[in-house]
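For the protein sequence lines, the chains are S and H, in the order given.
So the first sequence is numbered by the numbering used here: it starts at 1 and just counts up by one.
So the second sequence is numbered by the numbering used here: it starts at 199 and just counts up by one.
Note that beta-carbon positions come from the ideal geometry of N, C-alpha and C, so glycine has one too.
None of these values were measured; they are calculated from a predicted model.
Worksheet: the structure to be examined is printed underneath.
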Amino acid sequence: MMLRAGGNVRRAPKPGGTVPSSGKVQMHPRRLEWMCVAPYIMGMKQTMRTLDRREFVVGVTVATVTALAVGEAMAQAAAQGWEEAVKKVLGDAKATEGKLTMDLPEIAENGNTVPFSISVDSPMTDKEYVKTVHVISTGNPQPGVVTFRFTPQSGKAAAASRMRLARTQDVIALAELSDGKFLQVKRSVKVTIGGCGG
Amino acid sequence: MSKPRIRLPEQAKVGEVIEIKTLISHVMETGQRKEADGKPIPRSSLNSFSANCGGTEVFSAELHPGISANPYIAFHMRVPGPGEFEFTWVDDAGVKIVEKQKLNVV
């Protein structure tokens, strides 16, 4: 009964609208205006109701952005750190490419233990040998990985170990030779899961 | 602290270049990590390794925070003659872990 009554409303003459001879429903301009604005007002009401949640969402977003910014700042600090570490090794000297090789996986699934090995093409005699090899990470919170110190007794300037990598980055190796020259090599590694407890 | 593990060739000739592999159990805590409640985990790490053969140093390494837990270090040596190896790891507190092993020279 109610439904039918509702259905009859359209046919019944209304205070705000007129039913012209064509039978088409024509709205009063005010009413039309209200119908346009209503969804927005309803929306506003909805907004008011969910404000707490919104505040929460906004808060979380801000926190995330801040955390990212802090992370970025830390990464930048690390970036400066590795440049300093390289400078500390090289001093005013310049390193050349070649003769020094570093084996690293291209993609490291677990950044906690990334196997690597370095080797320098050197006769390792008392006159000509490799003194040290420094391994420096460009993307870890602390750039130092390891410093290997060889002697002529080493026989072969090659060593291997496992390193931590916090994220995808370049790894640099610098070798200091007995004649004071430096060699360098840079390798990039993609890290799927970062090390350093991140 | 468990005993470090050393792998030497079963036998070596004088003048031959051999590979020596070492492995030691250690957390190598960097001091960067935090516990779930936000407390920083204090640094506890080995910072140096050295290998002596017959009293002369053959190889050494400075271990920085970028070295994984339970550090594995492999290196080479030209066999000078019969002798005993002495491997030493030193931690931040200056405590030394020393492991000795004889090399069978033929």
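Beta-bridge pairing of residue i - partner residues as DSSP gives them
{"i": "Ala249 of chain H", "result": "H:Phe257, H:Phe285"}
{"i": "Leu170 of chain S", "result": "According to the sequence as given, residue 170 of chain S is Asp; it is not Leu. In the DSSP output, where bridge partners are listed per residue, Asp170 of chain S has S:Ser188."}
{"i": "Leu188 of chain H", "result": "Residue numbering for chain H in the displayed model covers 199 to 304; residue 188 of chain H lies beyond these limits and cannot be assessed."}
{"i": "Gln299 of chain H", "result": "H:Phe283"}
{"i": "Ile204 of chain H", "result": "H:Thr220"}
{"i": "Lys127 of chain S", "result": "DSSP output for Lys127 of chain S lists no bridge partner at all."}
{"i": "Glu227 of chain H", "result": "H:Ser242"}
{"i": "Asn110 of chain S", "result": "S:Ile193"}
Spatial neighbours of residue i in its chain, beta-carbon cut-off 8 Å, leaving aside the 5 residues before and after
{"i": "Gln184 of chain S", "result": "Ala95, Thr96, Glu97, Leu100, Ile172, Ala173, Leu174, Ala175"}
{"i": "Glu282 of chain H", "result": "Cys251, Gly252, Lys298, Gln299, Lys300, Leu301"}
{"i": "Glu279 of chain H", "result": "The sequence shown places Gly at residue 279 of chain H, not Glu. Cβ within range, chain order: Val212, Gly252, Val303."}
{"i": "Thr151 of chain S", "result": "Tyr129"}
{"i": "Gln169 of chain S", "result": "Ser137, Thr138, Gly139, Asn140, Ser188, Val189, Val191"}
{"i": "Ala108 of chain S", "result": "Val114, Leu165, Val189, Lys190, Val191, Thr192"}
Cut-off 7 Å between Cβ atoms - residues of its own chain near residue i, not counting five sequence neighbours on either side
{"i": "Ser21 of chain S", "result": "In this prediction, Ser21 of chain S has a pLDDT of 49, which is less than 50 and means its spatial position is unreliable; what the coordinates show is noted afterwards. Here the set comprises nothing."}
{"i": "Lys232 of chain H", "result": "Pro238, Ile239"}
{"i": "Pro271 of chain H", "result": "Contrary to the premise, residue 271 of chain H reads as Ile rather than Pro in this sequence. Taken in chain order, the residues that qualify are Thr220, Phe247, Ala259."}
{"i": "Gly23 of chain S", "result": "Residue placement at Gly23 of chain S cannot be trusted, given a pLDDT of 49 that sits under 50; what the coordinates show is reported in the next sentence. Same-chain partners within the cutoff: there are none."}
Whole-Å CB distance - residue i paired with residue j, under 8 Å assumed
{"i": "Glu106 of chain S", "j": "Lys186 of chain S", "result": "About 14 Å separates the two Cβ atoms, so there is no contact after all."}
{"i": "Ser243 of chain H", "j": "Ala259 of chain H", "result": "Ser243 of chain H to Ala259 of chain H, Cβ: 13 Å. No contact."}
{"i": "Ile239 of chain H", "j": "Asn268 of chain H", "result": "Contact flag wrong, Cβ pair sits at about 17 Å."}
{"i": "Ala166 of chain S", "j": "Phe116 of chain S", "result": "In fact, because the Cβ distance is near 15 Å, the residues do not count as touching under 8 Å."}
{"i": "Val130 of chain S", "j": "Val120 of chain S", "result": "5 Å"}
{"i": "Ile265 of chain H", "j": "Met163 of chain S", "result": "6 Å"}
{"i": "Ile136 of chain S", "j": "Ala85 of chain S", "result": "5 Å"}
Neighbourhood of residue i by C-beta distance below 6 Å, restricted to the same chain and skipping five residues each side
{"i": "Phe257 of chain H", "result": "Ala249, Phe273"}
{"i": "Phe148 of chain S", "result": "Val133, Ala159"}
{"i": "Gln209 of chain H", "result": "Asn302, Val304"}
{"i": "Glu284 of chain H", "result": "Asn250, Lys298"}
{"i": "Arg203 of chain H", "result": "Leu221"}
Per-residue burial, residue i [other beta carbons within 10 Å of its own, 16 or more giving buried]
{"i": "Val145 of chain S", "result": "buried"}
{"i": "Ala234 of chain H", "result": "exposed"}
{"i": "Ala291 of chain H", "result": "exposed"}
{"i": "Arg276 of chain H", "result": "buried"}
{"i": "Lys156 of chain S", "result": "buried"}
{"i": "Ser122 of chain S", "result": "buried"}
{"i": "Gly194 of chain S", "result": "buried"}
{"i": "Gly111 of chain S", "result": "buried"}
{"i": "Pro207 of chain H", "result": "exposed"}
{"i": "Val89 of chain S", "result": "buried"}
{"i": "Thr254 of chain H", "result": "exposed"}
{"i": "Ser200 of chain H", "result": "exposed"}
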